[in-house]
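In full-length UniProt numbering, the protein residues as written are 1 to 170.
Yeah, the Cβ is synthetic: ideal placement off N, Cα and C, and Gly gets one too.
From a predicted model like this one, the values you see are computed outputs, not experimental measurements.
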Amino acid sequence: MLLGLSLLYVGAVLFLNGLWLQGRIEDREIVVINVVSALVSLAVVVQGAFGAGADLASVRAAALTMLFSTTYFWVAYNRVVAVDGRGLGWFSLFVAITAVPVAGSAFATMRTGLDAWMAINWALWAVLWTMYFLLLALRKDILRSTAWFTMFCGIATGWIPGYLILDGWL
1 MLLGLSLLYV
11 GAVLFLNGLW
21 LQGRIEDREI
31 VVINVVSALV
41 SLAVVVQGAF
51 GAGADLASVR
61 AAALTMLFST
71 TYFWVAYNRV
81 VAVDGRGLGW
91 FSLFVAITAV
101 PVAGSAFATM
111 RTGLDAWMAI
121 NWALWAVLWT
131 MYFLLLALRK
141 DILRSTAWFT
151 MFCGIATGWI
161 PGYLILDGWL
């Protein structure tokens with residue numbers, strides 16, 4: 001259930017960040033969903049890494065979830081202090097590189113429909129974080145495509161699977 005909770009907020013924050021990148025949400029407003037999503041995923045991290053019954057698998061999941069928490073806190077911070085985002089861009093490269101073997105491992109070990117969906121999610125997140133690296137650190141002119149892909153990922157990798165998990169379908 002914690003996966004569903006986390007993914008639902010990943011969906012919300014990615015969708016809204018895509019709208020923000022399109023100029024449809026102000027910098028000051030986007031801070032709220034990024035902080036809330038960061039706190040939700042941080043709570044999942046704390047439960048997974050330090051909760052009763054924590055094991056290698058739950059600590060691994062917590063470490064990977066912390067990549068999301070850090071990203072959302074960083075987006076919020078950048079909006080509050082009005083910096084250009086290059087640091088977040090370089091962090092995004094680290095996350096993108098990390099997400100590639102995670103996706104590969106997920107594809108290699110998938111057994112259920114949810115496993116397959118999560119493998120695809122990690123592959124899509126690797127692409128998304130790569131786009132943020134290109135946009136923020138290397139200053140490539142891909143704002144529009146990054147905004148649309150962020151919204152797509154919000155729906156396909158977060159909102160839909162998160163809702164389906166919480167509703168008992170997955």
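Between C153 and W125, the CB-CB gap stays under 8 Å.
When secondary structure is reduced to three states using DSSP, M1 falls in the coil class, being assigned neither helix nor strand. The beta carbon of V102 lies closer than 7 Å to those of L64 and W122 in the same chain, with the five residues before and after it left out.
The residue from L134, W129 and A99 with its alpha-carbon nearest to that of A119 is A99. Straight-line measurement puts the Cα of L88 at about 8 Å from the Cα of F133.
Counting only the Cα atoms, F94 lies some 26 Å from A54. According to the DSSP assignment, V36 belongs to the alpha helix (DSSP H) that extends over D27 to F50. Fewer than three beta-carbon pairs drawn from the region 135-145 and the region 154-166 are found closer than 8 Å, and the two stretches are therefore not classed as touching.
Q22 and A52 have their C-alpha atoms some 42 Å from each other.
DSSP, read as helix, strand or coil, puts V83 in coil.
In the DSSP annotation of this structure, the continuous segment of the alpha helix (DSSP H) that includes T130 starts and ends at G113 to Y132.
8 Å or more divides the Cβ of V36 from the Cβ of L2.
Under a 10 Å Cβ-count criterion, V46 is classified as exposed, with fewer than 16 other Cβ atoms of the shown protein chains found around its own Cβ. If you draw a straight line from the Cα of A156 to the Cα of G11, it comes to about 8 Å. In this structure, W129 keeps its C-beta atom at 8 Å or more from the C-beta atom of S69. Each residue's CA atom was taken as its position, placing R79 and I97 some 25 Å apart.
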